[in-house]
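Below: the structure, in structure tokens.
In my numbering, the protein residues as written are 4 to 428.
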């Protein structure tokens, strides 16, 4: 079969397979009833406005949050803590506007002092004046103990310093309005963790811990723990009596010593015990100190060829300890350590002599001076030594709660040294 015939047959086959239905389809579409849906996309012209409104609402919400936070922070958040300490200790917490949020007692006396007083919402100055007035009325501040410690704690050192200065000035002015002469110690609280740890360890305020810490740093004779029981007035007396310059503490006024016998009385007790008249005493020095668990007057003076030193109870006038050392300006050093000349023989134990008074007599002298009986003593030790160029009996013993030590001239029976210390063991 020729190719032309083949093409013609294929064309005829396709024509028969696909019917010509175009006209019928068009006729059916004209008879279709119902609603025609327009699928044309509609453009939303309000979308931009809604977006702007949403942004504005978010901004207003953020602004309200910021304003609310600032309002809370200014009115309800603690910005500064001010501690007032005498023996009662109280802490005033204020906001940025120096309005009182809370006043807390830091010890039992503080709770008694505050009672049912409520300072919430009042001005800081009003609260301070009221608390100082209560301290005066209840006798916590008096002519016998007139010192107060102000401690200001704020994260901003500049603000702390400014408030410290202002409160010091205001409280000092408050004291000056009456017959009462007060003494004001003030400081800003540092962020040292060591101080806060000491406060927690010994159960005291951070302000008092910082004050004691500075005193012990300036005078290494003191141990922190032994100063913890002292009141603010006693701490003020210690620092001022020794002329200690506390770098971080501002001091205004003079600490009162009217609860004690006074320097003049302490001097007279020492002079009488030493058998020395005031006219014959030179280089007299009297300082207040804390020893033997009590406030004492340290009295030092010279008379003739001797130097004297006494520890006298500041309240009772009792003599805790006394020393008399020869002041001969010779080859012996100031620590009174005697070194025998090298003669080729041992000088550790001086030879006995019939001219010495003997250990029994030295014991009698020491016990009589101490006012104790032979039956009440223990751990008695007596040695013959060379001290300050002379032979002395060193007598040591214990009686009751005290340890005694004496140096007695081996020939003349003179008492060169006597000490009485509390036995804390």
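Where a beta carbon is used, it is the ideal one built from N, C-alpha and C, also for glycine.
(request) Measure the beta-carbon distance from residue 294 to residue 323 and round it to whole angstroms, keeping in mind my assumption that it falls under 8 Å. (result) In the chain shown, counting from the first residue as 1, residue 294 sits at position 291. In the chain shown, counting from the first residue as 1, residue 323 sits at position 320. With a beta-carbon spacing of about 7 Å, residue 294 and residue 323 fall inside the 8 Å limit used to define contacts.
(request) Count the C-beta pairs between the segment 200-218 and the segment 135-146 that are closer than 8 Å, then say yes if the count reaches three, no if not. (result) Segments in contact, no.
(request) State the beta-bridge partners of residue 324 as determined by DSSP. (result) Translated into positions along the chain shown, residue 324 becomes position 321. Per the DSSP secondary-structure output, residue 324 pairs in a beta bridge with 314 and 422.
(request) Compute the Euclidean distance between the alpha carbons of residue 259 and residue 366, then round it to the nearest angstrom. (result) The count along the chain shown starts at 1 and reaches residue 259 at position 256. The count along the chain shown starts at 1 and reaches residue 366 at position 363. The alpha-carbon atoms of residue 259 and residue 366 are separated by roughly 42 Å.
(request) Count the other C-beta atoms from every protein chain shown that fall within 10 angstroms of the C-beta of residue 419, then say buried if there are 16 or more, exposed otherwise. (result) Against the chain shown, residue 419 aligns to sequence position 416. Residue 419 should be labelled buried.
(message) Measuring CB atoms only, is the segment 120-128 touching the segment 96-104, in the sense that at least three cross pairs come out at less than 8 Å?
(response) The segment 120-128 makes contact with the segment 96-104, as at least three CB pairs between them are under 8 Å.
(message) Which same chain residues end up closer than 7 Å to residue 362 when comparing Cβ atoms and leaving out the 5 residues on each side of it in sequence?
(response) Here residue 362 refers to the residue found at position 359 of the chain shown. The beta carbon of residue 362 is closer than 7 Å to those of 385 and 396 in its chain, skipping five residues each way along the sequence.
(request) Check the DSSP bridge columns for residue 151 and list the partner residues they point to. (result) Taking the chain shown and counting its residues from 1, the one referred to as residue 151 is at position 148. For residue 151, which the question treats as bridged, DSSP gives the partners 187.
(request) Answer with yes or no whether the minimum CB distance from residue 386 to chain C is below 8 Å. (result) Absent here is chain C; the protein component of the structure consists of one chain.
(message) Per DSSP, what are the beta-bridge partners of residue 411 in this structure?
(response) Translated into positions along the chain shown, residue 411 becomes position 408. Paired residue(s): 396 and 418.
(message) Considering just the uninterrupted stretch of the alpha helix (DSSP H) at residue 89, what are its terminal residues?
(response) Residue mapping note: residue 89 aligns to position 86 of the chain shown, counting from 1. Counting along the chain, residue 89 falls outside any alpha helix (DSSP H), and DSSP gives it neither H nor E.
(request) Pull up the distance between the alpha-carbon of residue 52 and that of residue 59, whole angstroms please. (result) Working through the chain shown from its first residue, we reach residue 52 at position 49. Working through the chain shown from its first residue, we reach residue 59 at position 56. Going by the C-alpha atoms only, they are around 11 Å apart.
(request) Could you check how far apart the C-beta atoms of residue 409 and residue 421 are, in whole angstroms? I think they sit under 8 Å. (result) Along the chain shown, one-based indexing puts residue 409 at 406. Along the chain shown, one-based indexing puts residue 421 at 418. Your pair residue 409 and residue 421 checks out as a contact, with CB atoms roughly 5 Å apart and the cut at 8 Å.
(request) Closer than 6 Å by C-beta to residue 272: which residues in its own chain qualify, once you throw out the five before and the five after it? Chain order, please. (result) In the chain shown, residue 272 corresponds to position 269, counting from 1. In the same chain as residue 272, and ignoring 5 residues on each side of it, the C-beta atoms closer than 6 Å to its own belong to 315 and 320, in chain order.
(message) Quick check: what's the CA-CA separation for residue 65 versus residue 184?
(response) On the chain shown, residue 65 is found 62 positions in, with the first residue counted as 1. On the chain shown, residue 184 is found 181 positions in, with the first residue counted as 1. Rounded to whole angstroms, residue 65 to residue 184 spans 55 Å at the Cα level.
(message) Measuring alpha carbon to alpha carbon, tell me which residue in 87, 187, 218 and 91 is nearest residue 155.
(response) Taking the first residue of the chain shown as position 1, residue 155 is located at position 152. Ranking 87, 187, 218 and 91 by CA distance to the CA of residue 155 puts 87 first.
(request) Starting from residue 128, follow the alpha helix (DSSP H) in both directions and report where the run begins and ends. (result) Taking the chain shown and counting its residues from 1, the one referred to as residue 128 is at position 125. Element bounds for residue 128: 127-140.
(message) Please report the straight-line C-alpha distance between residue 303 and residue 266, rounded to a whole angstrom.
(response) Translated into the one-based positions of the chain shown, residue 303 becomes position 300. Translated into the one-based positions of the chain shown, residue 266 becomes position 263. For residue 303 and residue 266, the distance between alpha carbons rounds to 12 Å.
(message) At a threshold of 7 Å, does residue 180 count as lining the ligand ATP (C-beta to nearest heavy atom)?
(response) Absence of the ligand ATP is noted for the structure shown, with no ligands found whatsoever.
(message) Measuring only the C-alpha atoms, how far is residue 413 from residue 328?
(response) As a position in the chain shown, residue 413 is number 410, starting the count at 1. As a position in the chain shown, residue 328 is number 325, starting the count at 1. One alpha carbon belongs to residue 413, the other to residue 328, and they sit about 15 Å apart.
(request) Assign residue 427 to buried or exposed, taking buried as 16 or more other Cβ atoms, counted over all protein chains shown, within 10 Å of its Cβ. (result) Here the question's residue 427 lines up with position 424 in the chain shown. By the 10 Å Cβ count, residue 427 comes out exposed.
(request) In angstroms with no decimal places, state the Cα-to-Cα distance between residue 160 and residue 166. (result) Here residue 160 refers to the residue found at position 157 when the chain shown is read from its first residue. Here residue 166 refers to the residue found at position 163 when the chain shown is read from its first residue. Approximately 10 Å between the Cα atoms of the pair.
(request) Tell me, please, whether the segment 231-238 touches the segment 211-220 by the rule of three or more beta-carbon pairs shorter than 8 Å. (result) Yes, the segment 231-238 touches the segment 211-220.
(request) Within 10 angstroms of the Cβ of residue 62, are there 16 or more other Cβ atoms? Answer buried if so, exposed if not. (result) Here residue 62 is taken as the residue at index 59 of the chain shown, counted from 1. Residue 62 is classed as exposed because its beta carbon has fewer than 16 other beta carbons within 10 Å across all chains shown.
(request) Could you tell me if residue 292 is buried or exposed, where buried requires 16 or more neighbouring beta carbons within 10 angstroms of its beta carbon? (result) Start at 1 with the first residue of the chain shown, and residue 292 comes out as number 289. Burial check for residue 292: the Cβ neighbour count within 10 Å reaches 16 or more, so the residue is buried.
(message) If you reduce the DSSP assignment to three classes, tell me which class residue 354 lands in.
(response) Here residue 354 refers to the residue found at position 351 when the chain shown is read from its first residue. With a pLDDT of only 45 at residue 354, under the threshold of 50, the placement of this residue in the model should not be trusted; the figure read from the coordinates follows. The answer is coil: DSSP assigns residue 354 none of H, G, I, E or B.
(request) Please list, in chain order, all residues of the same chain as residue 78 whose beta carbon is under 6 Å from its beta carbon, the five residues on each side excluded. (result) Residue numbering aside, residue 78 sits at position 75 when the chain shown is read from its first letter. Its chain contains 98 as the residues whose beta carbon lies nearer than 6 Å to that of residue 78, once the 5 sequence neighbours on both sides are disregarded; these appear in chain order.
(message) The beta strand (DSSP E) that contains residue 280, what's its start and end?
(response) Numbered from 1 along the chain shown, position 277 holds the residue referred to as residue 280. Premise fails: residue 280 is in no beta strand (DSSP E) and is neither H nor E.
(message) In whole angstroms, give me the CA-to-CA distance for residue 383 and residue 394.
(response) As a first step, residue 383 must be located in the chain shown, where it is residue number 380. As a first step, residue 394 must be located in the chain shown, where it is residue number 391. Spanning the two alpha carbons is a distance of roughly 19 Å.
(request) For the beta strand (DSSP E) holding residue 104, just list the boundary residues, first then last. (result) Here residue 104 refers to the residue found at position 101 of the chain shown. Taken as a continuous stretch (DSSP letters only), the beta strand (DSSP E) holding residue 104 covers 103-108.
(request) Leaving aside the five residues before and after residue 137 along the sequence, list all residues of the same chain whose C-beta is less than 7 Å from its C-beta, in chain order. (result) As a first step, residue 137 is located in the chain shown; it is residue number 134 there, counting from the start. Contacts found: 116.
(message) Given this structure, state the Cα-to-Cα distance separating residue 209 from residue 252, to the nearest angstrom.
(response) Here residue 209 is taken as the residue at index 206 of the chain shown, counted from 1. Here residue 252 is taken as the residue at index 249 of the chain shown, counted from 1. Those two C-alpha atoms are separated by around 14 Å.
(message) Can you give me the C-alpha to C-alpha distance between residue 232 and residue 206, rounded to a whole angstrom?
(response) As a first step, residue 232 must be located in the chain shown, where it is residue number 229. As a first step, residue 206 must be located in the chain shown, where it is residue number 203. Roughly 11 Å between the two C-alpha positions.
(message) Can you tell me whether residue 297 is helix, strand or coil according to DSSP?
(response) The count along the chain shown starts at 1 and reaches residue 297 at position 294. Of the three classes helix, strand and coil, the one that applies to residue 297 here is strand, per DSSP.
(request) Please classify residue 308: is it buried, with 16 or more other beta-carbons within 10 angstroms of its beta-carbon, or exposed? (result) Start at 1 with the first residue of the chain shown, and residue 308 comes out as number 305. Exposed is the call here.
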